[in-house]
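Novice:
2 protein chains.
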Amino acid sequence: MPKSTAASHDQMYGVMADSQALSAAAVIVNRETDPRSCILNAAAHCFTNQGFAATSIDDVAHKLNATKGMIYHHFRSKNDLFFAVYRRGMEINFEAIKPFQSKKLPALIRLARIGYAHAVTMMAEQDFQRTVSQGVAMHQTGSTTAAQRETLDELIEVRDRYEAVFREAIRDMAREEKLEIDDLSISVKCFLAALNGTVFWYSPRHKNPQPEQHKIALNLITYALRGLGTELPAEALENLGEDE
Amino acid sequence: MPKSTAASHDQMYGVMADSQALSAAAVIVNRETDPRSCILNAAAHCFTNQGFAATSIDDVAHKLNATKGMIYHHFRSKNDLFFAVYRRGMEINFEAIKPFQSKKLPALIRLARIGYAHAVTMMAEQDFQRTVSQGVAMHQTGSTTAAQRETLDELIEVRDRYEAVFREAIRDMAREEKLEIDDLSISVKCFLAALNGTVFWYSPRHKNPQPEQHKIALNLITYALRGLGTELPAEALENLGEDE
DNA sequence: ATTGACAACATACTCGGTAGTATGTTCCCT
DNA sequence: AGGGAACATACTACCGAGTATGTTGTCAAT
């Protein structure tokens with residue numbers, strides 16, 4: 016029961032993490048320990064595992080060894096919870112690429128860095144990214160109520176802004192490298208698709224997943240850049256993931 | 016009510032297609048007209064729009080202007096229906112690439128052709144492909160009952176066999192072209208990810224979507240091949256989609 | 001020290017929806 | 001006339017979103 020002193024409040028959520036969550040490949044790490052963030056993490060995990068519709072509020076609560084009352088105290092509805100997870104997911108994405116957006120660098124380096132950062136984030140934050148992916152599918156297939164629609168429109172815009180960062184970097188890169196891109200839109204989509212694919216097949220295999228994720232991300236960004244018709248110089252490739 | 020003479024049986028399902036389905040971008044074309052196939056088409060559409068969990072058997076029945084009785088006469092359970100849609104989706108995929116699998120051709124041509132065929136199918140059969148995608152996600156996240164698990168394992172194997180066709184073509188191509196592929200597995204995943212991405216963003220915009228799909232598929236296959244470090248000669252590129 | 005207000009949940013409840021089963025109906029064929 | 005296929009309809013049992021009410025701890029004021 017989360018009815019405890021504030022001193023043990025944070026520890027409780029960590030200790031009480033559902034053993035199923037621990038047995039799943041993606042271990043829940045409580046970076047944030049306030050109740051709201053704990054709910055977001057738990058929800059992201061449940062939405063990932065079962066999808067939005069098949070996830071009940073009770074599922075999320077049980078993952079926290081809590082009850083519905085807790086969830087509804089913080090979020091007005093299941094939809095609001097879903098949207099909050101999506102927002103957090105996109106925040107995570109923007110945070111990941113933010114250090115590398117300086118226009119002072121050559122566009123190819125910028126693109127490689129944000130692409131690498133994106134690829135690593137896709138693997139490191141699968142629950143949030145899969146939830147974003149579900150939100151995108153929801154928007155595209157139109158299976159929303161009118162109320163949902165408005166918020167989803169807004170959330171899609173956030174994602175479009177994220178994508179625009181890549182579009183811009185690809186365009187700049189093409190100009191600097193004097194590359195001809197047949198269709199910028201489709202190229203951006205392909206680029207991101209190659210980097211996003213881990214959502215479908217990647218599962219961490221090690222306690223310390225970072226070296227593996229780094230290696231995979233290198234392969235992904237190499238493929239994605241080659242698809243555009245360019246390559247990163249070897250020494251710049253070696254620096255990816257190290258100068259942050 | 017489907018209680019009619021056999022003569023009007025097929026026409027009825029076509030005429031009675033839900034107006035919502037017609038207003039959605041993807042128009043249901045009843046290529047097969049037996050009840051079972053009609054149910055599969057309707058189900059694929061519903062699973063795509065709402066996801067498996069949020070789709071009720073009543074939804075599928077209503078899309079056919081029929082009732083649950085009809086669905087349960089043909090399929091034992093909602094799960095069985097879902098699996099049948101998945102199977103059909105994979106059948107469609109195999110059928111699409113089958114004409115191009117001859118090993119007499121150079122591997123690069125073979126790869127380009129099956130890749131192109133795959134890309135076009137992804138766009139032309141979105142409902143089935145999105146359902147397959149849901150099945151894959153279900154399998155990966157482990158959100159299944161024991162009964163589901165067994166069938167899903169089998170279905171994933173079907174998909175792995177499909178992927179193996181691409182793996183083999185890529186490997187053969189790399190050998191013939193004397194290309195060094197860093198990690199064949201990841202390269203296959205990237206290749207298919209680039210071709211599959213339309214599932215997330217493509218919606219037909221024209222009554223006759225084929226020229227547009229052809230153009231997009233050309234862009235996709237060009238990107239995907241370049242990601243591998245190769246390109247298709249221009250005249251071979253022009254022949255894609257024409258010699259079948 | 002006591003009291004009251006409020007936050008942060010926990011628990012009980014309501015109502016609508018859905019998977020699947022049971023039963024009914026009609027048509028077709030022998 | 002009888003049997004079976006192919007549904008349609010009625011029914012059962014359960015589930016889950018959200019609401020209403022209960023409980024406890026904390027804090028501030030007196």
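Line by line, the protein sequences give chains A and B. Throughout, our numbering is defined as the position within the first sequence, counted from one, plus 15. Throughout, our numbering is defined as the position within the second sequence, counted from one, plus 15. All C-beta atoms in this analysis are idealised placements derived from N, C-alpha and C, irrespective of residue type, glycine included.
Helix, strand or coil for R220(B)? Go by DSSP, reduced to three states.
Specialist: R220(B): coil per DSSP, three-state reduction.
Novice: Touching or not, the region 92 to 111 of chain A and the region 170 to 187 of chain A, by the rule of three or more beta carbon pairs under 8 Å?
Specialist: Cβ pair count under 8 Å is three or more, so yes.
Novice: Quick check: the Cα distance between V44(A) and Q228(B), rounded to an integer number of angstroms?
Specialist: Caution applies to V44(A), whose pLDDT of 41 falls short of 50 and renders its modelled position unreliable; the model cannot decide the point.
Novice: Considering only their Cβ atoms, is the gap separating D142(B) from T70(B) smaller than 7 Å?
Specialist: Result no, Cβ atoms of T70(B) and D142(B) do not sit closer than 7 Å.
Novice: Quick one: complete alpha helix (DSSP H) runs, 4+ long, within the region 92 to 139 of chain A?
Specialist: As far as the region 92 to 139 of chain A is concerned, its whole alpha helix (DSSP H) runs of at least 4 residues are 93 to 112 and 122 to 139.
Novice: Which ranges would you report for the alpha helix (DSSP H) in the region 158 to 224 of chain B if only whole runs of at least 4 residues count?
Specialist: The qualifying runs are 161 to 191, 199 to 211 and 213 to 216.
Novice: Which same chain residues end up closer than 8 Å to L243(B) when comparing Cβ atoms and leaving out the 5 residues on each side of it in sequence?
Specialist: Around L243(B): I185, M188, A189, L194, I196, S202 and F206.
Novice: Check the Cβ of L235(B) against every Cβ in chain A and list those closer than 8 Å, keeping chain order.
Specialist: Chain A residues near L235(B): I201 and C205.
Novice: Measure the Cβ-Cβ separation of A68(B) and A68(A) and say whether it is below 7 Å.
Specialist: Result yes, Cβ atoms of A68(B) and A68(A) sit closer than 7 Å.
Novice: Do we get a CB-CB distance below 7 Å when we pair A68(A) with the residues of chain B?
Specialist: Output row for A68(A): interface = yes.
Novice: What are the start and end residues of the alpha helix (DSSP H) that includes A58(A)?
Specialist: Where A58(A) is concerned, the enclosing alpha helix (DSSP H) stretches over P50 to A69.
Novice: With a threshold of 16 other CB atoms inside 10 Å of the CB of E165(B), please say whether the residue is buried or exposed.
Specialist: Under this definition E165(B) is an exposed residue.
Novice: Does Q144(A) pass the burial test, meaning 16 or more other C-beta atoms within 10 Å, or should it be called exposed?
Specialist: With 16 or more Cβ atoms within 10 Å of its Cβ, Q144(A) is classed as buried.
Novice: Whose Cβ in chain A lies nearer than 8 Å to the Cβ of S158(B)?
Specialist: Neighbours of S158(B) on chain A, chain order: N64, Q65, G66 and A69.
Novice: So, are the CB atoms of Y101(B) and V135(B) less than 7 Å apart?
Specialist: Contact: no.
Novice: In the DSSP assignment, find the alpha helix (DSSP H) that holds G84(A) and state where it starts and stops.
Specialist: That run of the alpha helix (DSSP H) goes K83 to H89.
Novice: Which residues, taken in chain order from the region 135 to 156 of chain A, show a beta carbon closer than 9 Å to some beta carbon of chain B?
Specialist: Against chain B - using a Cβ distance shorter than 9 Å - the residues of the region 135 to 156 of chain A are R145, S148, Q149, V151, A152, M153, Q155 and T156.
Novice: Is the distance from the Cβ of G130(A) to the Cβ of I236(A) below 7 Å?
Specialist: Yes, the Cβ-Cβ distance between G130(A) and I236(A) is below 7 Å.
Novice: Kindly give me the distance between the Cβ atoms of S158(B) and Q65(A), rounded to whole angstroms, as I take these residues to be in contact under 8 Å.
Specialist: 5 Å between Cβ atoms; contact.
Novice: Run the CB neighbour count on K113(A), radius 10 Å, all protein chains shown included, and call it buried at 16 or more, exposed below.
Specialist: Under this definition K113(A) is an exposed residue.
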